[in-house]
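Novice: From first to last, the protein sequence lines stand for chains A and B. Mapping the first sequence onto numbering that gives the first Met the number 0, position 163 (from 1) lands on 162, and the numbers just tick up by one. Mapping the second sequence onto numbering that gives the first Met the number 0, position 274 (from 1) lands on 273, and the numbers just tick up by one. Ideal Cβ placement from N, Cα and C applies to all residues, glycine included. This one's a predicted model, so the numbers in the text were calculated from it and none came from an experiment.
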Amino acid sequence: MYKEVPTVDNPKGTFPQQKTKVKEGELTLPEFYDTVKTLDQTIDVDYYLPGCPPPPDLIMAAITAILEGKLPEKGAVLAPNKALCDTCPRAESKPEKLSIDEVKRPWQIKMDPELCFLAQGVICMGPATRTGCGETCIRANQPCRGCFGPVDGVVDQGAKALSMIASILGLDGEENMTEEEVKRKIDEIADPAGTVYRFSLASSLLKRKRME
Amino acid sequence: MKKITIDPITRLEGHGKIEIFLNDEGSCERACLQIPELRGFEKFSEGRAAEEMPRITTMICGVCPTAHHMAASKALDDLWKVEPPPAAKKIRELMYNAFQAEDHILHFVFLGGPDFVVGPSAPAAERNVLGVIGKVGLEVGGKVIEMRKRMRNVLRIIGGKPVMPTCGLPGGVSKQISEDERKTIIEAGEYGVDFCQFALTLFDDVVLKNKEYVDLITGDVYSHKTYYMGMVDENNKVNFYDGKLRVVDPDGKEFAKFKVQDYLEHIREHVEPWTYVKFSYLKKVGWKGFVDGKDSGVFRVAPLARLNASDGMATPLAQQAYEKMFEILGGKPVHSTLAFHWARLVEALYACERVLELAKDPEITSDDIVTLPTETPKEGIGVVEAPRGTLIHHYQTDERGILTKVNLIVATQNNSAAINMSVEKAAKSLIKKGNVPDGILNMIEMAFRAYDPCHACATHSLPGRTPIEVYVYDSAGNLVKKLER
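#1: Note down, in chain order, every chain B residue with its Cβ under 7 Å from the Cβ of arginine 144 of chain A.
#2: Is threonine 364 of chain B close to chain A, meaning its C-beta is less than 7 Å from at least one C-beta of that chain?
#3: So, are the CB atoms of histidine 485 of chain B and alanine 87 of chain B less than 7 Å apart?
#4: On the DSSP bridge assignment, give the partners of histidine 393 of chain B in chain order.
#5: In angstroms, rounded to a whole number, what distance separates the CA positions of valine 162 of chain B and asparagine 434 of chain B?
#6: Scan the stretch 138-219 of chain B and note each continuous alpha helix (DSSP H) run of 4 residues or more that stays entirely inside, going in chain order.
#7: Cα-Cα, which of B:Lys42, B:Arg353, B:Glu82 and B:Ile418 is closest to glutamate 374 of chain B?
#8: Between proline 7 of chain B and chain A, is any beta-carbon pair separated by less than 7 Å?
#9: In this structure, how does DSSP classify glutamate 101 of chain B when only helix, strand and coil are distinguished?
#10: The beta strand (DSSP E) with alanine 255 of chain B in it runs from where to where?
#11: Which two residues bound the contiguous alpha helix (DSSP H) that contains isoleucine 266 of chain B?
#12: Taking the continuous alpha helix (DSSP H) assigned at valine 246 of chain B, which residues delimit it?
#13: Looking at valine 117 of chain B: is its Cβ nearer than 7 Å to the Cβ of lysine 142 of chain B?
#14: Thinking just about the alpha-carbon of each residue, which of B:Leu281, B:Tyr280 and B:Ser295 is nearest to the one in lysine 287 of chain B?
#15: Would alanine 189 of chain A pass as an interface residue toward chain B - the criterion being a Cβ-Cβ separation below 7 Å?
#16: Whose Cβ in chain B lies nearer than 8 Å to the Cβ of methionine 110 of chain A?
#17: Any beta carbon of chain B sitting closer than 7 Å to that of proline 29 of chain A?
#18: Per DSSP, tyrosine 227 of chain B is paired with what?
#19: Could you give the distance in angstroms between the alpha-carbon of asparagine 419 of chain B and the alpha-carbon of leucine 75 of chain B?
#20: Taking 8 Å as the threshold, find out whether the stretch 149-167 of chain B comes into contact with the stretch 321-332 of chain B through three or more Cβ pairs.
#21: Taking 7 Å as the cut-off, decide whether the C-beta atoms of proline 272 of chain B and threonine 19 of chain A are in contact.
#22: Reducing DSSP to helix, strand and coil, say where tyrosine 47 of chain A ends up.
#23: Would cysteine 136 of chain A count as contacting chain B if we go by Cβ distances under 7 Å?
#24: Is there a Cβ of chain B sitting closer than 7 Å to that of aspartate 8 of chain A, yes or no?
#25: Determine, for tyrosine 32 of chain A, whether the minimum Cβ-Cβ distance to residues of chain B falls below 7 Å.
#26: Comparing alpha-carbon positions, which option in B:Tyr212, B:Lys431 and B:Ile59 lies nearest glycine 13 of chain B?
#27: In angstroms with no decimal places, state the Cα-to-Cα distance between threonine 364 of chain B and phenylalanine 98 of chain B.
#28: Report the rounded CA-to-CA distance for leucine 461 of chain B versus lysine 96 of chain A, giving the unit in angstroms.
#29: Can you grab the Cα-Cα spacing for the pair leucine 78 of chain B / asparagine 80 of chain A, in whole Å?
#30: Compute the distance between the beta-carbons of arginine 47 of chain B and aspartate 190 of chain A, then report whether it is under 7 Å.
#31: Between which two residues does the alpha helix (DSSP H) harbouring glutamine 319 of chain B extend?
#32: Out of B:Gly39, B:Pro53 and B:Tyr190, which has the shortest C-alpha to C-alpha gap to alanine 347 of chain B?
#33: Rounded to the nearest angstrom, what separates serine 44 of chain B and isoleucine 380 of chain B at their Cα positions?
#34: For glutamate 180 of chain A, which three-state DSSP category applies?
#35: From which residue to which residue does the beta strand (DSSP E) around cysteine 31 of chain B run?
#36: Are the beta-carbon atoms of leucine 77 of chain A and leucine 38 of chain A separated by less than 7 Å?
And the structure:
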C-alpha cells in the first residue's frame with residue numbers, strides 16, 4: 000500500500016522501517032507479525048465478554064459480578080450459552096424444514112423486516128453464533144455476521160457455520176443434483192471465508208490464509 | 000543529541016508517539032509525530048463481497064464507525080450505479096448528522112476540552128473529563144452525557160446499534176423509521192440544539208474571556224498558513240453527507256472544486272520511513288516537505304478547514320455562530336490551529352439543527368428506502384466529511400462484486416502533514432534550554448489534539464513488503480552470513 004495504491008507518489012520506493020536514521024538521531028517503529036493471534040493465545044484470559052462491540056448491558060453485568068464477587072468459573076463467556084436463533088425476534092418465522100433454493104445477497108432482494116433471513120435465502124450466521132447482543136443487526140434488518148463467536152464447546156465457528164449452510168442449501172431436490180449443480184449452488188455464496196470466519200479466523204483450526 | 004519521547008500520546012483516538020530532538024543549547028532541533036500502528040484494511044478487504052464493506056469498515060474505528068459506514072454505502076451506490084430513493088438519502092443524512100453531533104461533543108468534552116477547561120499546565124491527573132466535570136459541575140456533566148446518549152440512541156434507532164451501525168445498502172438503507180421513532184428523534188434534535196448553544200456559551204465564558212487562552216489561540220505557536228479542503232453543497236455551504244470537494248488557498252481563494260470521482264487528479268500520498276501513516280498533499284501544487292504556504296501542497300481538513308473552505312453554514316443558528324467566530328478571529332481564512340476546537344462546536348450546532356430539520360421532514364418515515372441494483376459492478380468511489388475530515392472509499396470489483404482493489408483516503412491522514420508541522424512548531428517555540436516540564440509536554444500534545452486525530456483510521460493500510468534482516472551464525476557464534484530485503 001506504500002507502492003501500488005493509485006494515490007501514492009513514491010518514486011524511491013520508501014516504506015516504513017523499524018529503525019530510521021535522521022540527521023538528528025534515530026526513530027523507531029514496532030515490527031509486525033505475519034499472523035493474527037487471539038488474546039488467549041497471547042496472555043492468560045480470565046473471562047470473555049463477546050461482541051463487536053460488547054453491548055453495554057453485558058459490560059454492566061460483568062462489572063457488577065466483579066464488584067459483588069459473584070463471578071462464574073474461570074474461562075467462562077459472560078453471555079448466554081445459546082444460539083442467536085433462540086432469542087431472535089424472527090424465530091417464529093423460521094420454518095421447521097429450512098431449504099435455501101437460491102442464495103440471495105442482501106442487495107438482490109428487498110429484505111423482509113419480519114421473515115427469517117435464511118428463509119429468504121440470505122446467509123445469516125445466527126445458528127452458529129452465541130446470543131446476548133439483543134439481535135441489534137437483525138432489528139436493523141440486516142443478517143447476523145457472527146460477532147459474538149460460537150456457543151460453548153464449538154472449536155471452529157466457521158466450520159460450524161459452513162456445516163449449517165451445507166445442510167440447508169438446496170435441500171429440496173438435493174438427491175437429484177449432479178456434482179456440477181451442487182458446486183454451482185455453493186458458488187452462489189459470495190465470499191464464504193469472509194462470511195463465516197469474519198470474527199473467528201484467528202481462533203479457528205486454520206488460523207490464517209495459506210502462506211506461499 | 001538528547002531525545003525526549005512522549006509515548007504514548009493521550010486524549011486522542013489511536014496510537015502515536017512524539018520524538019523531540021534537542022540540540023546543545025537545549026532547544027528543539029526537530030520533532031516528529033510517529034504513528035506506530037497499522038490496520039491493513041486496504042489489503043484484507045480484497046476478496047470480500049463489496050456489500051459487506053459498510054459493515055467491515057466500521058471496524059476500522061470505534062469512535063467514528065458511522066463515517067466509514069456512510070462513505071462505504073455511498074461507494075456502493077457508485078459501484079452498482081444505483082440511485083437511492085429520496086427518503087433513503089434523508090435517512091442516511093439524518094443518521095450521519097446525529098453521529099457528527101455526538102462525536103464532536105465527545106471530542107470537546109473528553110479529549111480536547113480538558114486542555115482549556117482545566118488548563119494546559121494543570122496537573123496531568125486533572126487534565127481529563129473528570130477534571131472538566133470537576134470544573135463545570137455535575138449538572139453540566141450530566142447534560143453532556145444526556146445529549147450524547149440521546150444522539151447515540153438516534154444512531155441505534157436507524158442503524159441497529161450506536162457503534163458499528165449496519166443499515167447501509169447499495170441503493171439505500173435496510174430499515175425505515177416509524178412515527179414513534181421519529182418523535183424520539185425530534186426530541187433528541189431539540190435537546191441537541193439547546194445543548195450546542197450552551198456549549199458555545201461555555202466556550203465563550205471559559206475560553207474567550209480568558210486572555211491567556213485567547214493569546215494562545217491567536218498567537219503564532221499554533222498557526223500554519225495552509226490550503227483547506229471541505230465538502231460543500233450547491234450553495235457552497237458545509238454539508239457532511241454529500242456535495243463537491245472544495246479547496247481554498249492560504250488566502251482563502253477557491254483553488255479547486257471537484258466531485259470525488261476525480262479525486263485522483265487532486266490528492267496524492269507521500270511516504271516517510273519513520274511512520275506508518277501516509278501524508279496527503281495536493282497533486283497540482285506538489286510535495287515540498289513539511290512547510291507552510293501557497294507553494295506547498297500541504298492541506299488541512301476537518302472543522303476549521305471546512306468552515307474556511309465554505310461560504311457559510313446551511314442552518315440559521317450555526318450560521319450566526321460561524322459569523323461570530325470569523326468576526327472575532329479577524330476574517331477568513333483562519334489559520335490558528337486551536338480554532339479547530341471552536342469550529343467543532345459550530346459544526347456540532349449545525350449537525351443538531353440538521354437532525355431536527357430532517358426528522359421533521361414528512362418523507363423521513365417513508366417505506367421506499369432502497370433501489371435494487373441492476374447494473375454490473377466495476378468501480379465505485381464514495382465520500383463523506385468525517386468529523387475528522389474528508390473521507391474517501393474507492394472500490395474496484397469483479398463482475399460479481401467481489402473486491403479486487405481498495406483505496407481509502409482517511410480523514411486524519413489528510414491532516415497528518417499539518418499535525419507533524421504543528422507538533423514540531425510547538426516543540427521548537429516552547430522548549431528553551433532543555434527545560435521540558437510536564438506542562439510544556441502537554442502543550443506540545445495540544446498541537447495535535449486540536450485536529451482530533453484518529454490514528455486507527457489514518458493507518459488503515461499495509462505495506463507491500465516488510466523489511467527483514469536475517470543473520471546466520473555458526474555454532475561457535477561467528478556471523479557467517481547477513482541477508483537483507
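Specialist: On the basis of the data shown:
#1: Arg54
#2: Contacts with chain A at 7 Å (Cβ-Cβ) do not include threonine 364 of chain B.
#3: Here chain B has residues from 0 to 484 only, and residue 485 of chain B is not among them.
#4: B:Ile380 and B:Asn406
#5: 43 Å
#6: Entirely contained in the stretch 138-219 of chain B, the alpha helix (DSSP H) runs reaching 4 residues are, in chain order, 178-202 and 210-217.
#7: B:Glu82
#8: The C-beta of proline 7 of chain B comes no closer than 7 Å to any C-beta of chain A.
#9: helix
#10: 253-257
#11: Per DSSP, isoleucine 266 of chain B belongs to no alpha helix (DSSP H); it is in the beta strand (DSSP E), 266-269.
#12: Run containing valine 246 of chain B: none in the alpha helix (DSSP H); it sits in the beta strand (DSSP E), 243-247.
#13: Their beta carbons are not under 7 Å apart, which means valine 117 of chain B does not touch lysine 142 of chain B by this criterion.
#14: B:Ser295
#15: yes
#16: Ser173
#17: yes
#18: B:Val247 and B:Arg299
#19: 33 Å
#20: no
#21: Yes, the Cβ-Cβ distance between proline 272 of chain B and threonine 19 of chain A is below 7 Å.
#22: strand
#23: yes
#24: yes
#25: no
#26: B:Ile59
#27: 19 Å
#28: Below a pLDDT of 50, predicted positions are generally treated as unreliable, and leucine 461 of chain B, at 44, falls in that range; the measurement from the model is reported next regardless. One C-alpha to the other measures close to 45 Å.
#29: 40 Å
#30: It is a contact, given that the beta carbons lie within the stated cut-off.
#31: 315-327
#32: B:Tyr190
#33: 15 Å
#34: helix
#35: 27-33 is the span of the beta strand (DSSP E), which, as asked, contains cysteine 31 of chain B.
#36: With a cutoff of 7 Å on beta-carbon distance, leucine 77 of chain A and leucine 38 of chain A are scored as not near each other.
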